[in-house]
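Protein chains in written order, with this note's numbering: chain W, 1 to 159; chain B, 1001 to 1159.
Built from N, CA and C at the ideal position, the CB exists for glycine as well.
Structure record follows, encoded as structure tokens.
Okay, here's the thing in structure tokens:
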């Protein structure tokens, strides 16, 4: 297998591992467990699940992968702090959205060639990208992988 | 720049970003602030700093980069839960160790060619590596990057 192919597969595995771990830890939780806060007065696990689903859903246009699936989550889970707005969807629908969004993203990532991983994402200008070719799709996916790990560390504190 | 070179630089940037963010958030904290727990009854920030320093220090032999710098941290920060043992080093020395270990690792990573990123790490057998070439140095570094993000998410909850 060519070097560039192994490198991009290794990076993709990191995304897949983090998504799988989050899914295994969070999606089996009951409605009541998802209402728990990660620490006194902090975000509920349900908010973190909504937040990550919405942030990942935003990757479709950012990576040139078409339309978003769940823009209805942004108001409550990106633009507002936890509990400022009512939850826009049921727990069942939120878990389904999490699964759908990540499944569709992962399928698209698996089809990327190494060169396609290096295309620019739409949040960077042509000028900045010309100066720094590491501001590519892979950088965005690595960023979101670390962001998911960050909130996973919080979610497992809830009790 | 060749595709394989941009891919490995992009992945290395992800490590550097996470280490920088952790350093900026945690190393300015006072001794008193480092004694705070991330949530009631949970790890102190000082324990997380010790834990990440020790885990990163273990990467030297795992990646074939020579001897460890700070094996004295393992007993208190890897093998034991927080507060089971006295802190083995002062806060000043712990912050210094964090800086040293990550600086030396990052310098070594910056010198890796794309092919060197794909060498196997010493925690995988020759047989397993032959079956799965993604169990390489890059995979280990991506894993540790996500591990640092995981604990960073917890550390910022302390107050």
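Under the assumption that residue 1118(B) contacts residue 118(W) (Cβ atoms under 8 angstroms), give the Cβ distance between them as a whole number of angstroms. Contact annotation, residue 1118(B) with residue 118(W): C-beta distance approximately 17 angstroms; criterion of less than 8 angstroms not satisfied.
Between which two residues does the alpha helix (DSSP H) carrying residue 1142(B) extend? Note, residue 1142(B): alpha helix (DSSP H), 1137–1155.
Residues bridged to residue 120(W) by DSSP? When DSSP reads this structure, residue 120(W) sits in a beta bridge with 136(W).
Just by C-beta distance, which residues in the stretch 132–155 of chain W are closer than 8 angstroms to chain B? Only 133, 134, 136, 138, 139, 142, 143, 145, 146, 147, 149, 150, 151, 152, 153, 154 from the stretch 132–155 of chain W bring a Cβ to less than 8 angstroms from some Cβ of chain B.
Which listed residue (1042(B), 1103(B), 1038(B)) has its alpha carbon closest to that of residue 1060(B): Out of 1042(B), 1103(B), 1038(B), 1103(B) has the C-alpha closest to the C-alpha of residue 1060(B).
Based on Cα-Cα distance, which residue from 73(W), 92(W), 108(W), 91(W) lies nearest to residue 85(W)? Taking the Cα of residue 85(W) as reference, the smallest distance to any Cα among 73(W), 92(W), 108(W), 91(W) is reached at 73(W).
Interface residues of chain W facing residue 1102(B) [CB-CB closer than 7 angstroms]: Under the 7 angstroms cutoff, chain W gives no residues; its nearest Cβ is about 16 angstroms from residue 1102(B).
What first and last residue would you give for the alpha helix (DSSP H) that runs through residue 26(W)? DSSP places residue 26(W) in the uninterrupted alpha helix (DSSP H) bounded by 3–26.
May I ask you to list, following chain order, the residues of the stretch 1028–1043 of chain B that have a beta carbon less than 9 angstroms from some beta carbon of chain W? From the stretch 1028–1043 of chain B, only 1038, 1039, 1040, 1042 have a Cβ closer than 9 angstroms to chain W.
Answer yes or no: do residue 1087(B) and residue 1076(B) have a C-beta to C-beta separation smaller than 8 angstroms? Cβ atoms of residue 1087(B) and residue 1076(B): closer than 8 angstroms.
Could you tell me how far apart the beta carbons of residue 10(W) and residue 1136(B) are, in whole angstroms, since I believe they sit closer than 8 angstroms? The Cβ separation is near 6 angstroms, so the contact holds.
Show which residues of chain B have a CB atom less than 7 angstroms away from the CB atom of residue 18(W). Residues of chain B with a Cβ closer than 7 angstroms to the Cβ of residue 18(W) are, in chain order, 1146.
Could you tell me which of 1133(B), 1051(B), 1126(B), 1066(B) sits nearest to residue 1079(B), measuring between CA atoms? The residue from 1133(B), 1051(B), 1126(B), 1066(B) with its alpha-carbon nearest to that of residue 1079(B) is 1051(B).
Residue 95(W) and residue 3(W) look like a contact to me (Cβ under 8 angstroms); what is the Cβ gap, rounded to whole Å? Contact between residue 95(W) and residue 3(W) does not hold, since their C-beta atoms are separated by about 39 angstroms, which reaches or exceeds 8 angstroms.
Alpha carbon to alpha carbon, how far is residue 113(W) from residue 138(W)? A straight-line Cα-Cα distance of about 11 angstroms links residue 113(W) and residue 138(W).
Kindly give me the distance between the Cβ atoms of residue 63(W) and residue 45(W), rounded to whole angstroms, as I take these residues to be in contact under 8 angstroms. Between the beta-carbon of residue 63(W) and that of residue 45(W) there is about 27 angstroms, and that puts the pair past the 8 angstroms contact cut.
For residue 1128(B), is the classification buried or exposed, using 16 other Cβ atoms within 10 angstroms of its Cβ as the cut-off for buried? It is exposed - the Cβ of residue 1128(B) has fewer than 16 other Cβ atoms within 10 Å.
Own chain residues within Cβ distance below 8 angstroms of residue 1014(B), not counting five before or after: 1142, 1145, listed in sequence order.
Counting only the same chain and skipping the five closest in sequence on each side, list residues whose C-beta sits under 7 angstroms from that of residue 1131(B). Cβ neighbours of residue 1131(B) beyond the five flanking positions: none.
If you reduce the DSSP assignment to three classes, tell me which class residue 1042(B) lands in. Residue 1042(B) falls in the coil class under three-state DSSP.
If you measure between the beta carbons of residue 154(W) and residue 48(W), is that distance less than 8 angstroms? Cβ distance < 8 angstroms, so residue 154(W) and residue 48(W) count as in contact.
Environment of residue 1037(B) [buried if 16+ CB atoms lie within 10 Å]: By the 10 Å Cβ count, residue 1037(B) comes out buried.
Which stretch, first to last residue, makes up the alpha helix (DSSP H) that contains residue 99(W)? Segment 91–111, the alpha helix (DSSP H) holding residue 99(W).
Quick test of your reading: residue 1023(B) and residue 150(W), contact by CB under 8 angstroms. State the CB separation rounded to the nearest angstrom. Contact check for residue 1023(B) and residue 150(W): beta-carbon distance about 15 angstroms, past the 8 angstroms limit, so the pair fails to qualify.
Give, in chain order, every residue of the stretch 1–14 of chain W whose Cβ lies closer than 7 angstroms to some Cβ of chain B. Against chain B - using a Cβ distance shorter than 7 angstroms - the residues of the stretch 1–14 of chain W are 1, 3, 4, 6, 7, 8, 9, 10, 11, 13, 14.
Counting only beta-carbon atoms, is residue 1117(B) nearer than 8 angstroms to chain W? Chain W has a Cβ within less than 8 angstroms of the Cβ of residue 1117(B).
Tell me which residues of the stretch 55–80 of chain W have at least one Cβ-Cβ distance to chain B shorter than 8 angstroms, keeping chain order. For the stretch 55–80 of chain W, which is checked against every Cβ of chain B, not one residue is closer than 8 angstroms.
Distance cutoff 8 angstroms, beta carbons only. Does residue 1157(B) sit that close to anything in chain W? Interface residue, yes.
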